[in-house]
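Below is one structure; the comments refer to it alone.
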Amino acid sequence: MTPFSLKRPTSLSEASSAFAGDAAWLAGGHTLIPAMKSRLRSVETLVDLSAIPDLDSISRDDDRLVVGAMARHAAVAASPLVKAAIPGLAGLASLIGDPQVRNRGTIGGSIANNDPAADYPAALLALDAIVATTHGTHAAEDFFQGMFTTALDEGELITSVSFRVPRASTYAKHRHPASRYALAGVYVARFEDGVRVAVTGATTAAARWPAAEAVLNAAFAPASVGMLSFESENLATDIHAGADFRAHLAGVMLREAVTSLL
Amino acid sequence: MVASLKINGALHTASVPDETLLVDWLRDDLGLTGTHIGCDTSQCGACNVLVNGASAKACTLLVATLDGAEITTIEGLGTADALHPMQKAFRTHHALQCGFCTPGMVIAGVAIAQTHGADVSVDTIRHELEGNLCRCTGYQNIVAAIAAGAKDMAGSEGARIAGSAQ
Ligand SMILES: Cc1cc2nc3c(=O)[nH]c(=O)nc-3n(C[C@H](O)[C@H](O)[C@H](O)COP(=O)(O)OP(=O)(O)OC[C@H]3O[C@@H](n4cnc5c(N)ncnc54)[C@H](O)[C@@H]3O)c2cc1C
Ligand code: FES
Ligand code: FES
Numbered sequence: 001m002t003p004f005s006l007k008r009p010t011s012l013s014e015a016s017s018a019f020a021g022d023a024a025w026l027a028g029g030h031t032l033i034p035a036m037k038s039r040l041r042s043v044e045t046l047v048d049l050s051a052i053p054d055l056d057s058i059s060r061d062d063d064r065l066v067v068g069a070m071a072r073h074a075a076v077a078a079s080p081l082v083k084a085a086i087p088g089l090a091g092l093a094s095l096i097g098d099p100q101v102r103n104r105g106t107i108g109g110s111i112a113n114n115d116p117a118a119d120y121p122a123a124l125l126a127l128d129a130i131v132a133t134t135h136g137t138h139a140a141e142d143f144f145q146g147m148f149t150t151a152l153d154e155g156e157l158i159t160s161v162s163f164r165v166p167r168a169s170t171y172a173k174h175r176h177p178a179s180r181y182a183l184a185g186v187y188v189a190r191f192e193d194g195v196r197v198a199v200t201g202a203t204t205a206a207a208r209w210p211a212a213e214a215v216l217n218a219a220f221a222p223a224s225v226g227m228l229s230f231e232s233e234n235l236a237t238d239i240h241a242g243a244d245f246r247a248h249l250a251g252v253m254l255r256e257a258v259t260s261l262l
Numbered sequence: 263m264v265a266s267l268k269i270n271g272a273l274h275t276a277s278v279p280d281e282t283l284l285v286d287w288l289r290d291d292l293g294l295t296g297t298h299i300g301c302d303t304s305q306c307g308a309c310n311v312l313v314n315g316a317s318a319k320a321c322t323l324l325v326a327t328l329d330g331a332e333i334t335t336i337e338g339l340g341t342a343d344a345l346h347p348m349q350k351a352f353r354t355h356h357a358l359q360c361g362f363c364t365p366g367m368v369i370a371g372v373a374i375a376q377t378h379g380a381d382v383s384v385d386t387i388r389h390e391l392e393g394n395l396c397r398c399t400g401y402q403n404i405v406a407a408i409a410a411g412a413k414d415m416a417g418s419e420g421a422r423i424a425g426s427a428q
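Line by line, the protein sequences give chains X and P. All letters in the first sequence, in the order written, are residues 1 to 262 by the working numbering. All letters in the second sequence, in the order written, are residues 263 to 428 by the working numbering.
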């Protein structure tokens with residue numbers, strides 16, 4: 001790793017003043033540290049968020065569940081509050097990586113990174129989430145702006161994510177057997193005012209699936225989504241899977257999710 | 263950066279460059295070479311240690327961020343004369359061949375036992391071992407050893423690790 005200087009602020013205002021020049025936030029470090037070790041990235045200043053109190057809190061606020069940016073995947077998976085309000089979200093967190101990754105990785109780091117195969121972006125899109133930052137708020141749909149790109153400004157710090165609590169929801173994921181990232185992951189959420197579906201892994205960035213939402217709003221049943229496969233201009237092709245396979249796999253995950261919600 | 267960490271119960275002060283990884287500090291400065299470096303890319307779990315009772319990959323942690331933490335390495339579990347129940351179970355069930363992955367596997371096993379209890383299922387053990395790679399054994403005996411070790415830990419005084427969740 002290229003040497004850097006590490007700051008450990010204990011409040012948000014200290015954090016903002018510590019972030020100066022060529023700097024980056026450090027959350028769980030399970031994306032950033034590997035990237036720095038392989039010299040894909042280097043920074044002069046790393047601002048560690050782990051000493052700021054309460055940034056990892058999880059609470060219920062009326063029809064919303066608010067998850068602090070530093071909430072680790074393992075904490076979301078095990079939280080009684082998350083399990084009671086949105087069990088699908090707890091289930092998604094329990095499928096990220098492996099136990100050691102879940103013990104360190106955070107929701108803030110995951111969405112700031114916006115890896116095309118990351119799991120949380122699908123949940124944020126399907127659960128109508130709002131991302132709160134030191135600069136204001138972003139609706140999930142505006143926050144994710146394409147592969148590894150978000151609405152965050154330089155030095156803007158995510159403080160929490162609030163999810164709209166659905167009537168029921170679930171996440172179905174076909175994991176890459178080695179990396180455990182999603183080859184295709186589909187989050188389905190049923191609200192009083194309709195169904196929301198989002199896909200990750202299949203495309204270069206997580207996205208809503210309007211065709212699936214339309215048929216499920218007409219009739220919520222596996223038959224409705226029969227042979228549906230995911231159509232998008234941004235389907236991903238790499239050494240693991242081609243575009244056709246990923247589109248098909250998204251359909252399989254959709255049927256799995258819908259079936260498990262019946 | 264100066265950080266104070268408890269390593270296997272003893273307080274240490276680390277006065278190290280900010281980019282120092284926990285695994286390098288343990289091995290090179292403290293001489294605790296039981297924590298291995300397998301992949302160095304956060305995949306294999308050979309470097310697993312317990313941080314405040316939860317398993318973590320020491321190759322992906324900065325010492326400077328761990329001020330106040332309690333770390334348990336393989337050296338902190340048992341001694342050659344008095345093995346920890348999970349270490350004994352690995353020996354009894356022949357859960358190793360070359361032994362390179364073993365410290366990380368044993369640490370993962372202890373974390374599994376502490377999180378899921380004595381009657382943890384084989385399916386759960388397999389799911390929870392996804393962050394540990396072994397190039398030799400084919401995993402069967404490792405899974406059997408962790409199942410047995412979890413039972414033995416429940417009946418053993420002093421097998422629990424400080425700072426663990428339960
Ligand atoms: C072996 C392995 C397997 C994995 N498998 C999966 C998987 O199956 N699914 C999945 O979704 N992910 C997976 N991951 C990624 C994991 O979830 C990461 O932990 C996560 O993507 C990044 O979170 P972090 O807290 O570690 O962030 P860091 O690595 O600390 O930071 C990542 C980026 O986000 C920025 N950042 C961090 N926090 C904030 C904040 N609060 N505000 C603004 N910017 C911030 C950082 O500056 C950095 O650019 C895996 C990782 C590993 C090593
Ligand atoms: S050496 Fe740390 S995970 Fe492989
Ligand atoms: S025993 Fe050789 S790598 Fe596991």
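Ideal Cβ positions, reconstructed from N, Cα and C, are used throughout, including at glycine. These numbers come from a predicted model, not from an experiment.
Query raised in the report: Taking a cut-off of 6 Å, which residues have a beta-carbon closer than that to any heavy atom of ligand 2, in chain order?
Result: Listed by chain position, these are P/ILE299, P/GLY300, P/CYS301, P/ASP302, P/SER304, P/GLN305, P/CYS306, P/GLY307, P/ALA308, P/CYS309, P/LYS319 and P/CYS321.
Query raised in the report: Looking only at DSSP bridge pairs, what is X/LYS7 linked to?
Result: Per DSSP, X/VAL47.
Report task. For X/PRO87, decide whether its Cβ has a neighbour in chain P, counting only Cβ atoms nearer than 8 Å. Result -> It does not: the Cβ of X/PRO87 has no partner Cβ on chain P nearer than 8 Å.
Requested in this report: Closer than 8 Å by C-beta to P/ALA427: which residues in its own chain qualify, once you throw out the five before and the five after it? Chain order, please.
Outcome: Its pLDDT being 44, under 50, P/ALA427 is placed unreliably by the model, and nothing is read from it.
Query raised in the report: What residues in its chain sit with their C-beta under 6 Å from that of X/HIS248, if we drop five residues either side in the sequence?
Result: Same-chain partners within the cutoff: SER229.
Query - In chain order, each alpha helix (DSSP H) run of at least 4 residues that lies wholly inside the region 82–144 of chain X - result: Runs found: 87–94, 99–104, 107–113, 120–126 and 140–143.
Query raised in the report: X/ILE52 lies in the alpha helix (DSSP H); which residues open and close that run?
Result: For X/ILE52, there is no enclosing alpha helix (DSSP H), since its DSSP letter is neither H nor E.
Query - Residues, ordered as in the chain, of the region 3–16 of chain X that lie near chain P by beta-carbon distance below 8 Å - result: If you check each beta-carbon in the region 3–16 of chain X against every beta-carbon of chain P, the ones closer than 8 Å belong to PRO3, PHE4, SER5, LEU6 and ARG8.
Report task. Report yes or no: is there a C-beta of chain P within less than 8 Å of the C-beta of X/PRO99? Result -> True, the Cβ-Cβ gap to chain P drops below 8 Å.
Query raised in the report: Rounded C-beta distance between X/ILE158 and X/ALA69? I'm assuming under 8 Å.
Result: Going by Cβ atoms, the distance from X/ILE158 to X/ALA69 rounds to 4 Å, so yes, they are a contact pair.
Query raised in the report: Using a Cβ-Cβ distance under 8 Å, would P/SER317 count as near chain X?
Result: Chain X contact via Cβ: present.
**Report entry** Best match in X/PHE144, X/VAL195 and X/VAL47 for proximity to X/ALA257 [C-alpha to C-alpha]
**Finding:** The closest CA to that of X/ALA257, considering only X/PHE144, X/VAL195 and X/VAL47, is found on X/VAL195.
Query raised in the report: Cβ of X/GLY28 within 7 Å of any heavy atom in ligand 1?
Result: Result yes, Cβ under 7 Å from ligand 1.
Requested in this report: Using 10 angstroms around the beta-carbon of X/ASP119, count the other beta-carbons present and answer buried if the total reaches 16, otherwise exposed.
Outcome: X/ASP119 should be labelled buried.
Query raised in the report: Just to check, is the beta-carbon of X/SER179 closer than 7 Å to a non-hydrogen atom of ligand 1?
Result: Answer for X/SER179: yes, Cβ within range of ligand 1.
**Report entry** Cut-off 7 Å between Cβ atoms - residues of its own chain near X/ARG104, not counting five sequence neighbours on either side
**Finding:** So the qualifying residues of the chain are GLY28, GLY29, HIS30 and ARG72.
Query raised in the report: Can you find a heavy atom of ligand 3 that lies under 7 Å from the Cβ of X/ARG72?
Result: Answer for X/ARG72: no, Cβ out of range of ligand 3.
Report task. Measure the C-alpha to C-alpha separation of P/LEU323 and X/SER79 and round it to an integer number of angstroms. Result -> Cα to Cα, the separation comes out at about 24 Å.
Query raised in the report: Using 8 Å as the threshold, is the region 182–201 of chain X in touch with the region 161–174 of chain X, meaning 3 or more CB pairs across them?
Result: Taking 8 Å as the limit for Cβ pairs, the verdict is that the region 161–174 of chain X does touch the region 182–201 of chain X.
**Report entry** X/ASP244 versus P/GLU281: straight-line alpha-carbon distance, rounded
**Finding:** Straight-line Cα distance between these residues: approximately 43 Å.
**Report entry** Best match in P/ALA326, P/SER304, P/ALA416 and P/MET367 for proximity to X/PRO3 [C-alpha to C-alpha]
**Finding:** With distances taken between CA atoms, X/PRO3 lies nearest to P/ALA326 out of P/ALA326, P/SER304, P/ALA416 and P/MET367.
Query raised in the report: Does P/GLN428 come within less than 8 Å of chain X when only Cβ atoms are used?
Result: For P/GLN428, the predicted structure reports a pLDDT of 39, less than 50, and the residue's modelled location is therefore unreliable. The matter cannot be settled from this model.
Report task. Quick one: list the residues of chain P neighbouring X/ILE33, beta-carbon separation under 9 Å, in chain order. Result -> Correct list: LEU283, SER304, CYS321, THR322, LEU323 and LEU324.
**Report entry** Cβ shell of X/LYS41 (< 8 Å), same chain only, five flanking positions each side left out
**Finding:** Per the sequence shown, the amino acid found at residue 41 of chain X is Arg instead of Lys. Same-chain partners within the cutoff: ALA24, LEU32 and ALA35.
Report task. Consider the C-beta atom of X/PRO53 and the heavy atoms of ligand 1; say whether any pair is separated by less than 7 Å. Result -> No.
Query - chain A within 8 Å of X/GLY29, Cβ atoms only - result: Of the chains in the structure shown, none is chain A; the protein chains are X and P.
Query raised in the report: Taking C-alpha atoms, which residue in P/CYS306, P/LEU288 and P/LYS413 lies nearest to X/ASP98?
Result: Measuring from the Cα of X/ASP98, the nearest candidate turns out to be P/CYS306.
Requested in this report: Tell me where the beta strand (DSSP E) around P/ASN314 begins and ends.
Outcome: For P/ASN314, there is no enclosing beta strand (DSSP E), as DSSP marks it with neither H nor E.
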